[in-house]
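In this text, residue positions in the sequence shown follow our numbering: the first is 234, and each later residue adds one.
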Amino acid sequence: MNDRRLGLGSRMLIGGIAGFVGTLAMTAAMRRMHEALPDKERYPLTPREIVDSTSEQAGVPLTDEAAKDVTTAAHFAYGAASGALLGVANVMLGPMSGGVAGTGIWLGSYMGWIPGAGILKPASDHPPRRNLLMLAAHVVWGVSTAKAMRELVEARETILAEGPDQDAPPEGRRT
Numbered sequence: 234m235n236d237r238r239l240g241l242g243s244r245m246l247i248g249g250i251a252g253f254v255g256t257l258a259m260t261a262a263m264r265r266m267h268e269a270l271p272d273k274e275r276y277p278l279t280p281r282e283i284v285d286s287t288s289e290q291a292g293v294p295l296t297d298e299a300a301k302d303v304t305t306a307a308h309f310a311y312g313a314a315s316g317a318l319l320g321v322a323n324v325m326l327g328p329m330s331g332g333v334a335g336t337g338i339w340l341g342s343y344m345g346w347i348p349g350a351g352i353l354k355p356a357s358d359h360p361p362r363r364n365l366l367m368l369a370a371h372v373v374w375g376v377s378t379a380k381a382m383r384e385l386v387e388a389r390e391t392i393l394a395e396g397p398d399q400d401a402p403p404e405g406r407r408t
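Structural data, given as structure tokens:
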């Protein structure tokens, strides 16, 4: 069900917020799954590798602390932007379609534009367990983002709906 009662801006806003929330769930899942990798595969995950690669290509060396901050900001910005695009398409995704969307983002990113731009090798050249970790994390993102979108749409229609303000001071009286 695509809720077209919402304007484009509202769908983008809801999707962006939901994508940010989904990125938090994804990041938590990534951290936990990363701990389960064998020692030789427990090097930084692809969001950090992307920042390291692009900063090196741009000739802008980053300290470890700065790279962590840039990675965090870029990861959440990308998740929010992806959520905004998803919101434009449909803010009423179910968990299954959200998971499919997350899989599509992983595929398009790690087998598409990221290697195409010369940032990282394609996912097919990465260790299988790390690929499964990243694929699972993107499914978590998609499911979480879809659930957050639905919740935000419902909240918008209930707790943020139009109605008489009951807690505002009476007219003409300042508090």
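Idealized CB from N, CA, C, for every residue including glycine.
All of these numbers come straight from a predicted model, not from anything done at the bench.
- For S288, the enclosing alpha helix (DSSP H) starts and ends at T279 to Q290.
- For the set G240, I250, L246 and M245, the Cα lying nearest the Cα of W374 is the one of I250.
- The Cβ atoms of M367 and L295 lie no closer than 8 Å to each other.
- Between L326 and M382 a beta carbon distance of about 6 Å is seen, short of the 8 Å cut, so the two are scored as contacting.
- A straight-line Cα-Cα distance of about 29 Å links A299 and P361.
- Contact check between the stretch 279 to 288 and the stretch 341 to 359: three or more CB pairs, one atom from each, fall below 8 Å, which counts as touching.
- Counting of Cβ neighbours within 10 angstroms places L393 among the exposed residues, the total staying below 16.
- A distance below 8 Å separates the beta carbons of M259 and S377.
- Distance between D302 and Q399, taken at the CA atoms: about 43 Å.
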